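The structure appears below as structure tokens.
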Amino acid sequence: MACVLEAPLRMSVLSEVTASSRHYVDRLFDLDPQKVLQGVIDMKNAVIGNNKQKANLIVLGAVPRLLYLLQQESSSTELRTECAVVLGSLAMGTENNVKSLLDCHIIPALLQGLLSPDLKFIEACLRCLRTIFISPVTPEDLLYTDATVISHLMALLSRSRYTQEYICQIFSHCCKGPDHQTILFNHGAVQSIAHLLVSTSYKVRMQALKCFSVLAFENPQVSMTLVNVSVDGEVLPQIFVKMLQRDKPIEMQLTSAKCLTSMCRAGAIRTDDPCIVLKTLPCLVRMCSKERLLEERVEGAETLAYLIETDVELQRIASITDHLIAMLADYFKYPSSVSAITDIKRLDHDLKHAHELRQAAFKLYASLGANDEDIRKKIIETENMMDRIVNGLSESSLKVRLAAVRCLHSLSRSVQQLRTSFQDHAVWKPLMKVLQNAPNEILIVASSTLCNLLLEFSPSKEPILESGAIELLCSLTQSENLALRVNGIWALMNMAFQAEQKIKSDILRGLSTEQLFQLLSDSDVNVLMKTLGLLRNLLSTRPHIDHIMSTHGKQIMQAVTLILEGEHNIEVKEQTLCILANIADGTTAKELIMTNDDILQKIKYYMSHSNAKLQLAAMFCISNLIWNEEEGSQERQDKLRDMGIVDILHKLSQSSDPNLCDK
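Encoded structure:
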């Protein structure tokens, strides 16, 4: 019985709710234009701050009617303006409201409205467009579908302070990536927006500043232009520096710092420029302090991480500014005391976003420790740092995991730390776990870190091997992703260095000859060089050379021939000749060279090559083949003499290159 009752019950609740709203929609269809206008005004007052009412009106079909009235030439300007205001209010509700508005094609209707001569109506349309475009459910590309829209918006910038504020806000939200930056740049955005930085309206100044921060991000063309643009006799970097001062609102300080950071990273401002060292960097460090709000601390740390990421000197300066390294430790203890936050809403928000703080701290630690050994030591000695990284590697948030891996990668560049802290905390265990089924962006950084943990002096090398790393790394070498292929082969190369024979055999078995050839014919020179490095490490120490060549000799000689005959650079050919020199050092393996006339002719050819590196490498092969103390040396010397090798050696002994001469 309950089932039968349920439907009518729900219907009656819904009809009660919507009945109270229906009269608002009914009035939009009145034949008297005055009554329609009054109906829209009443609707406007009813929906302000009332999400339930907004949802009801959307369900009842108010949006298509409002859009119809907004687009009718016969509607009075006042009515059209009020319609735009109500639509803007509906858009301020939930994301579902915005989706409903988009489904009714609100954007083309509002853009059409911008062609009206009436300023109040234009401002109402822009305000509504602004609200829709700042919603995460609106595709930014909708702004760029018609080429004339951007130039019309640029023209409207001069109409009023409201058009300036809304248009800048639309641009800063819809500028995602280089394509959008280029469109705005080509439409003269830099020149049109620059003078707004000195507007009397704070909101206009702020939105113009935000525009520049997204236009310049990772964009050398925009950044180089900004340096030379001046407003009222002051160049933009000077204006940005003024906006960084402590007496300015935090939002303004942060956004100016982002502009200067982007310009610096793009090479438009030098890293040792006082505006970076004495103004931007200290401002960003200030943003990391406990006093700041959560989102300010996150943005401050992330921007600072980006600013110093590639510059050693800035990393050193930041590390000693305001005890930054210790200050970042507080990012992990948030919120330390509930009583400090009296606003319950704020506390609830911050608890939900505390992971963003951890992510930002890991990012900044990664940048700080990228190059300097002393800084890495300070970071690792910060309370519970290694435990925090290990915990970060298994967090549910993908961004935190990625930032923790980045931090670990940065610290793994330290020989000292690999031998101590990394071993004490068995960091390799969570790292190996991360490498199982992670998305590519995490895999790339995690496999880079693994490369460092597999260096010969790292105590983690043994346990990593025992946990099935060879199979994992061999599978990475088959990845479509170039960075993963490089890291997979690089880690195997490190693993094979001075390894015991069993490990080398396991690597060869795991890779398979087919995959080895695949890697040796990879279009990327990095993959090729690392694969040759792996072969060179596998073919070291005599018993290993002889063992590997007895099982894989034919294929390896084929690969060597393939490369020496191919169109490759000097480094690749040199590495290949070094592999031959290693084979020539084997006891039984050297016969594979001596019985292969094609290879001997190639060695002879490279002895007379114009490049000294290749000549030296070829001579290493010869010297290993003719070593007197070894069995059969006389026969080998005779064969090489018959080939004319001695004549070439005579010629080389006269060489102007002292290395060649000695050899």
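If you count the sequence shown from 1, position 16 lands on 19 in the numbering used here, and the numbers rise without skipping. Built from N, CA and C at the ideal position, the CB exists for glycine as well. Keep in mind it's a predicted model, so treat the numbers as computed, not measured.
Check	Outcome
In this structure, what does DSSP give as the bridge partners for Glu459?	The partner list for Glu459 (beta bridge, DSSP) is empty, contrary to what the question assumes.
Let me know if Ser450 comes out buried or exposed under the rule of 16 or more other beta-carbons within 10 Å of its beta-carbon.	buried
Where does Ala587 land, buried or exposed, given buried means 16+ other C-beta within 10 angstroms?	buried
From Val563 to Leu583, what does the alpha carbon distance come to, in whole angstroms?	8 Å
Contact check, Phe136 vs His176 under 8 Å by CB: the rounded distance?	5 Å
Counting pairs of Cβ atoms below 8 Å between the region 169-188 and the region 215-232, do you hit three or more?	yes
Just to confirm before moving on: does the CB-CB distance between Ala94 and Ser138 stay below 9 Å?	yes
Is the beta carbon of Lys282 closer than 9 Å to that of Leu310?	no
Tell me the DSSP secondary structure of Ser2 in three-state form.	Nothing can be reported for residue 2, as the shown portion of the chain is limited to 4 through 666.
Quick check on Ile196: buried or exposed, where buried means 16 or more other Cβ atoms within 10 Å of its Cβ?	buried
Determine the contact status of Ile566 and Lys576, defining contact as a CB-CB distance below 9 Å.	yes
Can you tell which of Ala271, Thr228, Arg208, Gln224 has the C-alpha that lies nearest to the C-alpha of Glu254?	Arg208
Taking 9 Å as the cut-off, decide whether the C-beta atoms of Val288 and Met330 are in contact.	yes
To the nearest angstrom, how far is the alpha carbon of Gln618 from that of Leu453?	36 Å
Using 9 Å as the threshold, is the C-beta distance between Leu670 and Phe425 below it?	A question about residue 670 goes unanswered here, because the residues of the chain that appear run from 4 up to 666.
Between the alpha carbons of His183 and Val448, how many angstroms are there, rounded?	29 Å
So, do the region 290-305 and the region 271-278 have three or more beta carbon pairs nearer to each other than 8 Å?	no
Any chance you could list the beta strand (DSSP E) runs of at least 3 consecutive residues sitting entirely within the region 159-210, in chain order?	none
On the CB-based measure, 16 or more other CB atoms within 10 Å of its CB, does Gly569 come out buried or exposed?	exposed
Report all residues from its chain with a CB closer than 7 Å to the CB of Ile548; omit the five preceding and five following residues, and keep chain order.	Leu542, Asn585, Ile586, Asp588, Gly589, Ala592
If you compare alpha carbons, which of Leu360, Leu284, Gly96 is closest to Glu298?	Leu360
Counting only the same chain and skipping the five closest in sequence on each side, list residues whose C-beta sits under 7 Å from that of His155.	Leu117
Kindly indicate which three-state DSSP category Val528 falls into: helix, strand or coil?	helix
Please return the same chain residues whose Cβ sits closer than 8 Å to the Cβ of Pro36, not counting the five positions on each side in sequence.	Ser78, Ser79, Leu82
Kindly indicate which residue of Leu114, Leu31, Asp121 has the alpha-carbon position closest to the one of Ile153.	Leu114
Taking a contact to mean a Cβ-Cβ separation below 9 Å, would you say Leu257 touches Thr306 in this structure?	yes
According to DSSP, is Ser342 part of a helix, a strand, or is it coil?	Because the pLDDT of Ser342 is 47, which lies under 50, any placement of that residue in the model is unreliable, and the question is left without a value.
Pull up the CB-CB distance for Leu70 and Cys107, whole angstroms please, since I reckon it's below 8 Å.	6 Å
Considering only residues of the same chain and omitting the five flanking positions on each side of Ala364, which have a CB-CB separation below 7 Å?	Ala304, Leu331, Tyr334, Phe335
Measure the CB-CB distance between Arg162 and Ile125 and report whether it falls below 9 Å.	yes
Could you tell me if His412 is buried or exposed, where buried requires 16 or more neighbouring beta carbons within 10 angstroms of its beta carbon?	buried
For the region 595-641, which segments carrying the alpha helix (DSSP H) assignment without a break, of at least 4 residues, lie completely within its bounds, in sequence order?	600-610, 615-628
Rounding to the nearest angstrom, what Cα-Cα distance links Gln657 and Glu632 in this structure?	27 Å
According to DSSP, is Val238 helix, strand or coil?	strand
Among the candidates Asn614, Asp650, Trp630, whose CA atom is the shortest distance from the CA of Asp660?	Asn614
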